[in-house]
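Novice: Residue numbers (my numbering): 1437 to 1568. Even for Gly, the Cβ is constructed at its ideal location relative to N, Cα and C. Note that this is a predicted model, so its numbers are computed, not measured.
1. Per the DSSP calculation, residue 1481 is bridged to which residue(s)?
2. Use the C-beta contact count for residue 1499: other C-beta atoms within 10 angstroms, 16 or more gives buried, fewer gives exposed.
3. Count the other C-beta atoms from every protein chain shown that fall within 10 angstroms of the C-beta of residue 1477, then say buried if there are 16 or more, exposed otherwise.
4. Count the CB pairs spanning the stretch 1479 to 1499 and the stretch 1459 to 1467 that are closer than 8 Å, and state whether there are at least three.
5. Excluding sequence positions up to five away, which residues of its chain have a Cβ less than 7 Å from the Cβ of residue 1481?
6. Taking the beta carbon of residue 1565 as the centre, do at least 16 other beta carbons fall within 10 Å, making it buried, or is it exposed?
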């Protein structure tokens, strides 16, 4: 069973193998990464591993199997292993999609404006409280 990696800061090679990565792929990923030691084991920062995986996916000529394994490991490290992408607008005509997305965009803009207004009010009160 693979544990969720979203809250973990460092991983060791055996944990990367548990993600399904081969020893060769692991060596390629970690060869230029900084590491710390825990006893005799090397530990790598998850943030560095995420970047290394992304770089390898974008800049390497890798087999489809390796690519799929790296993508799965990336999803686990990003905490998206149980997220299923669903296009709810799949069967909706393009003009309706655009209309809905435009409406969502306007709603988000209004929410942002409200948050800015409230933030400014809090900052104004804080400035008054400290006498500026």
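Specialist: Straight from the coordinates:
1. 1446
2. exposed
3. exposed
4. yes
5. 1445 and 1446
6. exposed
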